[in-house]
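> Everything in the sequence shown is counted per the working numbering, starting at 62 for the first residue and increasing by one.
Here a beta-carbon is modelled for each residue, glycine too, at the ideal position from N, C-alpha and C.
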Amino acid sequence: MEFEIVELLKAFDLSNRQRKIKMVNDLLEGVHLIASVEAISLGVQFGIHPWVLYDIISNAAGNSWIFKNYIPNLLRGDAKLHFLNAFIQNLLLINN
């Protein structure tokens with residue numbers, strides 16, 4: 062019986078740790094997304110076409126997985142931006 066309790070506690074700790082790791086990852090994803098959108102917005106304010114910015118940044122040091130995979134959808138006005146809801150929910154969890 063004692064062994065089962067210890068194993069259960071270990072499993073709970075791992076699960077708790079996994080949730081914390083996911084929260085840290087979600088925070089970074091949110092930061093990357095916000096920074097990417099702000100960077101494109103700033104470039105547009107400077108008079109640079111957003112696709113020119115995307116082409117250059119996605120092949121330069123400012124690139125990230127988030128930038129390369131999500132910014133094209135935003136620039137196309139893709140209505141399938143359901144991932145934003147998940148980001149918002151995850152970031153709200155971090156804030157609590």
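Assuming residue 119 and residue 93 form a contact by the criterion Cβ under 8 Å, report the distance between their Cβ atoms to the nearest whole angstrom.
Wrong, their Cβ atoms sit about 13 Å apart, outside the cutoff.
> Would residue 98 pass as a contact of residue 135 if the rule is Cβ separation under 9 Å?
It is a contact, given that the beta carbons lie within the stated cut-off.
> Considering only C-alpha positions, which residue in the set 138, 132, 139, 137 is nearest to residue 91?
Among 138, 132, 139, 137, the Cα nearest to that of residue 91 belongs to 132.
> With DSSP run on the structure shown, which of helix, strand or coil describes residue 93?
Residue 93: helix per DSSP, three-state reduction.
> What separation, rounded to the nearest whole angstrom, lies between the Cα atoms of residue 153 and residue 139?
Taking the straight line joining both Cα atoms gives about 24 Å.
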